[in-house]
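> 27 is the number that this note's numbering gives to position 23 of the sequence shown; each next residue is one higher, with no gaps. What follows is a structure written as structure tokens; I'll ask about it next.
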Amino acid sequence: MANSQAETATFDIRNVIGALLGFYGLVLIICSFVLDPGFNVDEQISKESSDNLWVGIALAVAALVFFLWARLRPIAFNPDTLEAAD
């Protein structure tokens, strides 16, 4: 029974969403330090690289919230209800 609960927690959608948000947040944080933000052709000024940093931090925080939510309020899995439905 513990194995099925672990499998259920592994494929919890909150973990998947948290992993995706964390990945994109990490990519944006790295890009804010590594890549040149570019040049705005309309206004003839360079773009801010801090935009990627702030959005990356926000995505990383959102990912942490999803992981904490999944950890603190796990899915209630009751195999007796599945057997009764059959």
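Built from N, CA and C at the ideal position, the CB exists for glycine as well. Note that the coordinates shown come from a computational prediction; the quantities given were computed from them, not determined experimentally.
I need the straight-line Cα distance from I61 to A23, nearest angstrom please.
Here residue 61 is taken as the residue at index 57 of the sequence shown, counted from 1. Here residue 23 is taken as the residue at index 19 of the sequence shown, counted from 1. Spanning the two alpha carbons is a distance of roughly 14 Å.
> Going straight from the alpha carbon of R18 to that of D84, what length do you get?
On the sequence shown, position 14 is the one that residue 18 refers to. On the sequence shown, position 80 is the one that residue 84 refers to. Taking the straight line from one Cα to the other gives about 24 Å.
> Output yes or no for whether 7 Å exceeds the beta carbon distance between S36 and L68.
In the sequence shown, the residue the question calls residue 36 occupies position 32. In the sequence shown, the residue the question calls residue 68 occupies position 64. Not a contact, by the Cβ cut-off of 7 Å.
> Buried or exposed: which applies to G42, given that a residue is buried once 16 or more other Cβ atoms fall within 10 Å of its Cβ?
The residue you call residue 42 lines up with position 38 of the sequence shown. It counts as exposed.
> Counting only runs that start and end within the region 8–55, where is the alpha helix (DSSP H) found for 4 or more residues in a row?
You should have 17–38.
> Just confirm the distance between the C-beta atoms of V59 and L32, as a whole number of angstroms; I'd bet it's less than 8 Å.
The sequence position of residue 59 within the sequence shown is 55, counting from 1. The sequence position of residue 32 within the sequence shown is 28, counting from 1. That belief holds up - the Cβ atoms of V59 and L32 are roughly 6 Å apart, short of 8 Å.
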